[in-house]
Amino acid sequence: MNAALVATLLAGSLAGNRWRSGLAVACIALGVALAGAVHTLHASALDEIDRAARTLGGEADLQARGPRNGFDDAAFIAVAKLPEVAAASPVVELDVVALPPAAESGERAAGGRTTVKLLGIDPFRAARLQPGFLAGASGERAEGTPGYLDTDVAFLTPAAARHLGVGVNGAFALRGPRGDVKLRVGGLLPALEGGGPVVVVDIAHAQFAFARLGLIHRIDLRLAPGASRERAIASIQSALPPGVRLERPDDGASRTAGLTRAYRVNLTALALMALFTGGFLVFSTLALAAARRRQEFALLRALGLTAGALRRFLALEGALLGLAGAAAGTVLGLAASRAMLERFGHDLGAGFFSGTAGTFSPDLLALAAVGLAGVATAGTAAFAVTRAFDRLDVAQALKDRHLDLPAAPGGWSAPAATAVLATLAAFLPPAGEIPVGGYLAIVLALGAAVLAVVPATQVLLSRARAEENPLLVLATAQVRSLPGHLAAMVSGIVVSVALTSAMAIMVFSFRVSLDGWLQGVLGADFFARASPGGDAVVFDERLQSRLAQVPGAARIDPIRYDRLNLAGHSHPLTVMARPVTERLLAGFQVASPALPPKGDAMNAWMSEAAADLFGWKAGDEIELPFAGKPARLRIAGTYRDYARTWGAILVDLEDWRRHTGDRLANDVAIVADRSADAKALEKALARVVGEVPGAELHDAAYIHNRSLEIFDRTFAATYALEAAAVLIALAGVTSSFAALAWSRRREFGVLRHLGLTRREVLRLLAFEGAAAGGVGVALGLAAGAAVSVVLVRVVNRQSFHWGMEIHWPWLALGVLAGAVVLLCALGAAAAGRAAVAREAVDAVKDDA
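Add 1331 to the 1-based position in the sequence shown for this note's numbering, that's all there is to it.
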């Protein structure tokens, strides 16, 4: 086939199907744009985290990193004296709430409070590893500034200066445990441009101002020239207290990438839902266009065009649609991701990247891969059409007016076999915490539903009671007689309804489970949080005692958190110490909430994520470093934790305090006396909590409602995506009926001669649309139920390590089913108006 003929045929095909071709391109573009935007946002975030780690780490070979609450700074002296260490720099590292300078009106400057990273360093030691910590001649510096040793001076990275809206000599404040720590900018650190928003002060001032005397969080190390790395690591590790581990400066970025991998993959898979639906729309577009041109294809075959050339032509047509969609989607995805970065930063709702700035760093290779996925989707759809037209009978096609697509014989063996494969795939173990088997099971389940369209139609419509309504008889007979058209039209409905219902069931199940979990966990009436948005401020024992003495407070439960980095594990482990009661364990949904007897080892309860990630089982005895000292724990059970996906362990507060001597608290839960006036108690508690700068007090109802609001906002994009998929599929059905109705003009003319009015012919089309939509909805809901089980039991469990029960949103599913069937009926009737508009005599004579 020469190029001129191909160009002519392509131009004619696309011109005759402008609307459907545009819809297919838009669908591919939507899927590519969503996947590209999600990947660009997360690639930019990870690139920024990696750049910040490399910038702040400077020339350090290793970092000794301890728990979130810090470790004894005496370890620095021991490590610095080792012959394998050429340079060592102690660091206090905190996330703190920063307050920009007051505006002239007395209000805070634009932007309000923000969270920045505070680094307390020994400037002379730190400069040996990262000279950029000293503001030299290349950086702006305040006149007469004594430097780091002046306790009211801080040096800022350019990103921090932009975040706070301050320059050299400008004033700002950081929230500290004893009040706001007022600072002025001694200079900027341009060499640390890639380090993110960081405030740098002298380590002694950081330890004093933020109540960290005797504690540091990490030690940056450069090895001595010629030192054996393995021997140096062993020597340094032996000098460090338990719970402090050695890692490369860029290991933190790698750990963040690992922690967020499942989240990023799941968002990308969700974004590709529209692309997957678009593949079926491309198939429908090409198949129905090819059906209308079957005589044209038969003539080309009779004139000498080979079957292979015809296949290549149809494949080229599909590839062009995919290429147009991929190109438009890539541009749209880049534009959307850039706009979202400027508006919201890198975070998409899970909080993993909420502290990063909006740096735009697209991954062109990954974007090309997403674009190729769009082209491949369209190409696969086109290949399915070419396979159907391999069975074209040239002689029959030249002389008959049969409207259906060539179709393979429909039976139950193929869908049944595919369903069995889907079931087997669901039991495959995850690969690198990615539920590959779960995703494969979802694709196979959808494939089984699509393969079942033709046999299910014969079963469902053959049982329809339509004897009393001739229009229903005609409608069901017409749908049953066109299995090829039906498969092309309904496949998009099946896939979109299946994915939409599956996501609806999963989200509803998650929300109901979260609601029940919150009701159990929020066992107190009020909750005080010392440092929202940071970890620098805590409640000391004196303030805890004052809260307990507030009239109307029956009991307080202090809560202390720490985060451990365990050797040999890439995931951090959160330690939660609070008074443990049977009621609390029941609220956390522990299988056996009875308190076990005390023993030599502390009783501890692990989250479901900790059980999966660390391999612990109930009854195991483990050893964890608490405050630099090894602690023996006995796993007494497993609890449910929807707040942390990386694993947590719960211990009794008294056991924690006895072992660590740490009597501070990050949060305090307050139980009110039943006879107390709730409003008066809240005001009294607020006065005490208000003595801690930035601390917040909320009642349990607020936290419960706020948590559900955040949940709903997080899944708002999911709802929009589901609606888009259904609307795209409905548009495909409407355009399919429009093409089919136009080809049936003579048939409608005959029906008019037999006594049917235009209104009755349109009702006939509406019944056909409802029948096709009903088949699609029935199969889609069945497939959606199966997919939802995979999402809840496999994908969520393997990705986020959350257990939940399945709850069925019957009302939402009923509304979805009714709306799709109704819209299919209305769309079919609307699409056929042009075909029945002509007079009956002209329609019968028309050579359709």
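We put the beta carbon where it would ideally sit given N, CA and C, even for glycine.
Given the structure is predicted, the values throughout are model-derived calculations rather than measurements.
inquiry  = Quick check on W1936: does DSSP put it in helix, strand or coil?
reply    = Strand.
ask   = Helix or strand or just coil, what does DSSP make of A1441?
value = Its pLDDT being 39, under 50, A1441 is placed unreliably by the model, and the measurement read from it follows with that caveat. Looking at A1441 - three-state DSSP - the assignment turns out to be coil, as it is neither helix nor strand.
query = If you count every other CB in all the chains shown that lies within 10 Å of the CB of P1882, and 16 or more means buried, which is it?
reply = Classification of P1882: exposed, given that the 10 Å Cβ count is below 16.
Straight-line gap, A1712 to S1901 (C-alpha atoms, nearest Å) = Distance from the CA of A1712 to the CA of S1901, rounded to the nearest whole angstrom, comes to 41 Å.
ask   = Which one or two residues does DSSP pair with S1876 in a beta bridge?
value = Answer is none; S1876 lacks a bridge partner.
task = Might you give, ordered along the chain, the residues of its own chain that have their beta carbon closer than 7 Å to the beta carbon of R1553, omitting 5 neighbours on each side?
result = Same-chain partners within the cutoff: E1390, A1391, D1392, A1417, A1418, L1460.
task = Measure the C-alpha to C-alpha separation of L1802 and L1791 and round it to an integer number of angstroms.
result = In a straight line, the C-alpha of L1802 is about 17 Å away from that of L1791.
task = Can you check DSSP and say which residues form a bridge with P1961?
result = Bridge partners of P1961: P1956.
query = Hey, A1405 and P1462 are a contact pair by Cβ (cut 8 Å); roughly how many whole angstroms apart?
reply = P1462 and A1405 do not touch by the CB rule: their CB atoms are close to 27 Å apart, not below 8 Å.
key: Residue from L1654, A2000, N2127, D1846 with nearest C-alpha to A1855   = Of the candidates L1654, A2000, N2127, D1846, the one whose C-alpha sits nearest the C-alpha of A1855 is A2000.
ask   = Do the segment 1920-1929 and the segment 2026-2035 touch if we need at least three Cβ pairs shorter than 8 Å?
value = Contact between the segment 1920-1929 and the segment 2026-2035 is absent: fewer than three C-beta pairs spanning the two stretches fall below 8 Å.
ask   = In angstroms, rounded to a whole number, what distance separates the CA positions of L2093 and A1974?
value = Cα to Cα, L2093 sits roughly 54 Å from A1974.
inquiry  = Using a 10 Å radius around the Cβ and a threshold of 16 neighbouring Cβ atoms, would you call W2141 buried or exposed?
reply    = Around the beta carbon of W2141, fewer than 16 other beta carbons lie within 10 angstroms, which makes this residue exposed.
key: the segment 1776-1784 touching the segment 1745-1753, judged by at least three CB pairs closer than 8 Å   = Yes, the segment 1776-1784 touches the segment 1745-1753.
key: Where the alpha helix (DSSP H) containing S1566 begins and where it ends   = DSSP places S1566 in the uninterrupted alpha helix (DSSP H) bounded by 1560-1570.
query = Going by alpha carbons, who is nearest to V2149 out of V2126, C1358, A2102, Q1880?
reply = Note that residue 2149 corresponds to Gly in the displayed sequence, not to Val. Answer by Cα proximity: A2102.
key: Backbone CA spacing between E1648 and S1352 [nearest angstrom]   = Taken atom to atom, the span from the alpha-carbon of E1648 to that of S1352 is near 10 Å.
key: Same chain, Cβ closer than 7 Å to A1898, five either side skipped, listed in chain order   = Excluding sequence neighbours, A1898 sits near R1576.
ask   = Any idea which residues DSSP pairs Q1394 with across the strands?
value = Paired residue(s): D1551, E1578.
query = Can you tell me the Cα-Cα spacing of I1966 and L1514, whole angstroms?
reply = The straight-line gap from Cα to Cα measures roughly 46 Å.
request  = Pull up the DSSP beta-bridge partners for M1837, would you.
outcome  = Partner(s): none; M1837 has no beta bridge.
request  = Please determine, among L1636, E1578, G1653, F1628, the residue with the shortest C-alpha to C-alpha distance to F1611.
outcome  = It is G1653.
ask   = In whole angstroms, what is the alpha-carbon distance linking V2123 and I1836?
value = V2123 and I1836 have their alpha carbons spaced roughly 9 Å apart.
key: CB of M1937 within 7 Å of CB of I1980, strictly   = It is a contact, given that the beta carbons lie within the stated cut-off.
query = What separation, rounded to the nearest whole angstrom, lies between the Cα atoms of P1572 and D1403?
reply = Straight-line Cα distance between these residues: approximately 8 Å.
request  = Grab the span of the beta strand (DSSP E) containing D1871 for me, first residue to last.
outcome  = Run containing D1871: none; DSSP gives neither H nor E here.
query = By Cβ distance, which residues of its chain are closer than 7 Å to G1545, with the 5 residues on each side in sequence left out?
reply = Within the same chain, G1545 has close Cβ partners D1403, D1404.
ask   = Given that a residue counts as buried once 16 or more other Cβ atoms are within 10 Å of its Cβ, and exposed if not, what is L1696?
value = Exposed.
ask   = For V1662, which residues of its own chain have a beta-carbon under 6 Å away from its beta-carbon, when the five flanking residues on both sides are left out?
value = Hits under 6 Å: none found.
ask   = Applying the criterion that 16 or more other CB atoms from any shown protein chain within 10 Å of the CB defines a buried residue, is L1755 buried or exposed?
value = With fewer than 16 other Cβ atoms within 10 Å, it is exposed.
message = Are the CB atoms of F1607 and V1838 within a distance shorter than 7 Å?
response = Taking 7 Å as the Cβ cut-off, V1838 and F1607 do not qualify as a contacting pair.
request  = Report all residues from its chain with a CB closer than 7 Å to the CB of G1574; omit the five preceding and five following residues, and keep chain order.
outcome  = Taken in chain order, the residues that qualify are G1397, P1398, F1402, L1895, P1956, G1959.
request  = Keeping to the same chain, check which residues put their C-beta closer than 8 Å to that of S1469; ignore five residues upstream and five downstream.
outcome  = Residue placement at S1469 cannot be trusted, given a pLDDT of 40 that sits under 50; the coordinates are not used to answer.
task = Work out the CA separation of A1925 and T1905 for me, nearest whole Å.
result = Separation of T1905 and A1925 (C-alpha to C-alpha, rounded to the nearest whole angstrom) is 23 Å.
message = Among I1953, A1859, P1432, A1535, whose alpha-carbon lies nearest the alpha-carbon of A1935?
response = Looking only at I1953, A1859, P1432, A1535, the smallest Cα-Cα distance to A1935 is reached by I1953.
query = Residues bridged to V2152 by DSSP?
reply = As far as DSSP is concerned, V2152 takes part in no beta bridge.
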